[in-house]
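Residue numbers for the sequence shown follow numbering that gives the first Met the number 0, beginning at 0 and rising by one. The beta carbon of each residue, even a glycine, is placed where N, CA and C say it ideally should be.
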Amino acid sequence: MKNNISKYDRKLKIVRWIARVIGSLSTAFFLFMIIGDLMFISEPYTLEGVMVVGFAIVLTVGVLIAWWKEGIGGVILTISAIAFAMFIYFTAGRYKVLASVLISSPFLISGVLFLITRHKK
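Structural data, given as structure tokens:
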């Protein structure tokens with residue numbers, strides 16, 4: 000019985016670390032792109048750009064919170080990833096579905112994995 004519990008705990012830790020790695024790498028890449036764009040921008044800010052920065056902040060906060068509180072961070076990540084996917088879909092020029100899936104899916108996957116680890120405690 001004890002061996003089964005330790006295998007279960009080990010799998011849960013692996014899922015938790017997968018969620019952390021996916022969320023952290025996605026956030027780092029996303030912030031790298033936004034900071035690079037903000038440093039070299041020569042045009043005035045647009046509402047679309049401000050919204051993207053807002054989503055980046057919310058997603059970053061979600062990942063940071065999820066490192067300690069998987070449930071709250073997972074909810075923030077999941078809801079904001081779905082909202083971000085819808086925003087991308089409505090603002091993308093071409094390939095709307097592809098753009099929204101590629102950009103928001105790592106955050107959605109990370110959020111769902113955090114929620115899974117939260118409910119399995």
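Range covered by the alpha helix (DSSP H) that runs through residue i
i: F86; result: 69-90
i: I56; result: 46-65
For residue j and residue i, believed in contact at Cβ under 8 Å, the rounded distance
i: I71; j: I64; result: 5 Å
i: F28; j: G73; result: That pair is no contact at about 20 Å.
Pair within 8 Å by beta-carbon distance, residue i and residue j
i: A84; j: A91; result: no
i: I75; j: G53; result: no
i: E69; j: R117; result: yes
i: I102; j: I87; result: yes
i: T59; j: L30; result: yes
i: V14; j: I115; result: yes
i: A55; j: I40; result: no
i: P105; j: S25; result: yes
Between the segment 18-26 and the segment 98-109, do at least 3 Cβ pairs fall closer than 8 Å? yes
Should the segment 3-14 be called in touch with the segment 45-61, which here means at least 3 C-beta pairs below 8 Å? no
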